[in-house]
Amino acid sequence: NNLGSIYQTLGQRTRDAAKLEQSASAFRATRQVYVRRKFPRDWAMSHYNLGNTLQLLGGVTDKPEHYGEAIAAYRDALREYKRETNPRQWALAQAGLGSTLHWLSMSNADSRTLLESIAARRAALEVLTVDAAPVDWANAQNGIGMSLLNLGNLERTGKYLGDAEAAFTATLKVFSREGLPMQWAFAQNNLGDVSWNRASYGGGKAEYQKAIEFFENAKQGFTEAGYTIPIPLTDQKIDLVKKQMAKK
Numbered sequence: 006n007n008l009g010s011i012y013q014t015l016g017q018r019t020r021d022a023a024k025l026e027q028s029a030s031a032f033r034a035t036r037q038v039y040v041r042r043k044f045p046r047d048w049a050m051s052h053y054n055l056g057n058t059l060q061l062l063g064g065v066t067d068k069p070e071h072y073g074e075a076i077a078a079y080r081d082a083l084r085e086y087k088r089e090t091n092p093r094q095w096a097l098a099q100a101g102l103g104s105t106l107h108w109l110s111m112s113n114a115d116s117r118t119l120l121e122s123i124a125a126r127r128a129a130l131e132v133l134t135v136d137a138a139p140v141d142w143a144n145a146q147n148g149i150g151m152s153l154l155n156l157g158n159l160e161r162t163g164k165y166l167g168d169a170e171a172a173f174t175a176t177l178k179v180f181s182r183e184g185l186p187m188q189w190a191f192a193q194n195n196l197g198d199v200s201w202n203r204a205s206y207g208g209g210k211a212e213y214q215k216a217i218e219f220f221e222n223a224k225q226g227f228t229e230a231g232y233t234i235p236i237p238l239t240d241q242k243i244d245l246v247k248k249q250m251a252k253k
């Protein structure tokens with residue numbers, strides 16, 4: 006189990022698929038010892054850790070089958086982790102499940118997958134409160150917002166924008182500009198996407214202007230965080246919003 010964790014950390018830091026494969030193999034090997042009947046919590050932990058590794062592997066390799074395997078691993082962990090007896094581990098497994106379902110939806114374009122992702126993350130928030138686990142809470146809120154935004158794009162509707170906006174706004178309780186400028190910048194970017202979408206569904210010039218302001222905020226936050234990679238894309242968004250607004 007420790008070996009799997011070491012390879013997982015190395016693979017995550019270096020985006021090395023081979024290290025993540027070694028991590029997955031190590032976690033699978035632990036199940037030869039941690040049988041569910043004798044060691045139920047260790048058995049569940051091995052599945053949870055495997056899910057985390059496979060989710061990372063899916064991101065590194067861009068192979069959705071790894072997300073499917075990760076989802077199965079998290080669901081196995083949840084067979085043993087119950088909210089009543091292991092609330093934090095239950096919530097973390099729900100959060101991991103929600104995250105993986107979101108990434109899977111990027112390849113299968115299935116609204117049901119997004120709805121399952123939202124449900125899993127909302128379940129996690131029953132335990133991961135802003136006071137008890139602020140960063141986990143904010144990450145789950147952000148994930149809910151992203152899934153709602155994508156769900157609206159997939160279904161070509163603006164009906165989820167209010168809930169997405171509320172989720173992204175909630176993250177700002179934790180992701181402050183002073184303390185976590187990069188996360189704050191991403192929240193501003195996401196709020197800009199909400200306003201831009203709302204403008205596209207008839208929200209008018211005021212929503213276009215709000216989108217521009219949010220994107221400008223995001224640029225400032227990325228600069229303050231020393232993370233300049235998203236800035237060119239943010240500039241492109243601003244230009245597109247201005248062009249669309251000029252046509253109204």
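Using the numbering used here, count along the sequence shown one by one with no gaps and you end on 253. Beta carbons: idealized from backbone N, C-alpha and C, even for Gly.
A distance below 6 Å between beta-carbons, with the five flanking residues on each side excluded, links P186 to the following residues of its chain, in chain order: G226, E229 and A230. Within the segment 129-185, the runs of alpha helix (DSSP H) that reach at least 4 residues and sit entirely inside it are, in chain order, 139-160 and 166-176. Here DSSP, grouped into helix, strand and coil, assigns A223 to helix.
When the five nearest sequence neighbours on each side are left out, the beta carbons in the same chain lying within less than 6 Å of the beta carbon of G197 are those of A216, F219 and F220, in order along the chain. In terms of Cβ geometry, Q37 and W108 do not form a close pair [threshold 9 Å]. For A172, the closest of G73, A143, L119 and T58 by C-alpha to C-alpha distance is A143. Per DSSP, the continuous alpha helix (DSSP H) segment holding I243 begins and ends at I236 to A251. T176 sits close to A192, with the two beta carbons spaced by under 9 Å. Exposed is the label assigned to E70, since fewer than 16 other Cβ atoms lie within 10 Å of its Cβ.
Following the DSSP letters along the chain, one finds Q99 inside the alpha helix (DSSP H) bounded by residues P92 to N113.
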